[in-house]
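Sequences listed follow chains A and B, in order.
First residue of the first sequence: 1, per our numbering; consecutive thereafter.
First residue of the second sequence: 1001, per our numbering; consecutive thereafter.
Cβ coordinates follow ideal geometry from the N, Cα and C atoms, glycine included.
Written below as structure tokens is the structure these notes are about.
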Amino acid sequence: DAKTTQPNSMESNEEEPVHLPCNHSTISGTDYIHWYRQLPSQGPEYVIHGLTSNVNNRMASLAIAEDRKSSTLILHRATLRDAAVYYCTPQSNYKLTFGKGTLLTVNP
Amino acid sequence: DAGVIQSPRHEVTEMGQEVTLRCKPISGHDYLFWYRQTMMRGLELLIYFNNNVPIDDSGMPEDRFSAKMPNASFSTLKIQPSEPRDSAVYFCASSFSSSSYEQYFGPGTRLTVT
């Protein structure tokens, strides 16, 4: 299974953009890159996913490096409700492999 | 849709007892996943089903754990006998193969084995 590396924690101010990085240098060519987040005392929640091209949805944007060894989740305007643990996870054969994730703190 | 439903939400039991966790996936979803989350090991995939058939159970820790999916709307995860090290939050998730494979997680069952 592909391994991912993310910062343990990051901090942001409300209304500012946040860039959450992830390294996945061992990802295979057919694995999708998924991002989930987990709010306190809740199950993980799907955020976005992509394969090679950058992706946008109502929650966030995903920028994928050309060599696919890294990606960045972009929250355009952080809110207090975005405070959570963010997981970058490769998807292989329908399986997700979760690492430790990044704890995002949003300051008012 | 009500989302993925899990029961019970909390379970406290004594070592040696049998524990059964239940999951109702989102209607129409054909994949079902069971995960376990602990502080030490994070979020681990235990087993997943496709069209009610177990596909990969390589994450099931040992023979004390078993999972079934008798129909498309119900799955169970059983631990017999339970041990204190099984204490964790157990999540069920479902997904639809014809979409982009995002998984929808339930609220989890917090299991405490004393």
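Query: Buried or exposed for residue 95 (chain A), please, with buried defined as at least 16 other CB atoms from any protein chain shown within 10 angstroms of its CB.; Result: buried
Query: By how many angstroms is the C-alpha of residue 1105 (chain B) removed from the C-alpha of residue 26 (chain A)?; Result: 26 Å
Query: Which of the residues in the segment 1025 to 1040 of chain B, read from start to end, lie with their CB under 9 Å from any CB of chain A?; Result: 1031, 1033, 1035, 1037
Query: Taking Cβ positions only, does residue 1008 (chain B) come closer than 8 Å to chain A?; Result: no
Query: Between the segment 1026 to 1034 of chain B and the segment 1001 to 1008 of chain B, do three or more beta carbon pairs fall short of 8 Å?; Result: yes
Query: Within the same chain, show all residues whose beta-carbon is closer than 6 Å to that of residue 19 (chain A), passing over the 5 residues directly before and after it, in chain order.; Result: 72, 74
Query: Determine which residues of the segment 41 to 56 of chain A have a Cβ less than 8 Å from any Cβ of chain B, and write them out in chain order.; Result: 42, 43, 44, 45, 46, 49
Query: Taking the straight line between their C-alpha atoms, what separation do you get for residue 1010 (chain B) and residue 70 (chain A)?; Result: 38 Å
Query: Hey, residue 43 (chain A) and residue 1108 (chain B): beta-carbon distance below 8 Å or not?; Result: yes
Query: Flag this pair as yes or no: are the beta carbons of residue 1097 (chain B) and residue 1030 (chain B) separated by less than 8 Å?; Result: yes
Query: Is any beta-carbon of chain B found at less than 8 Å from that of residue 29 (chain A)?; Result: no
Query: Within 8 Å of any Cβ in chain B, is that where the Cβ of residue 3 (chain A) sits?; Result: no
Query: How far does the beta strand (DSSP E) with residue 37 (chain A) in it reach, from first residue to last?; Result: 32 to 38
Query: Give the residues of chain A in contact with residue 1107 (chain B), contact being defined as C-beta atoms less than 8 Å apart.; Result: 42, 43
Query: Starting from residue 100 (chain A), find everything on chain B with Cβ-Cβ shorter than 7 Å and list it in chain order.; Result: 1042
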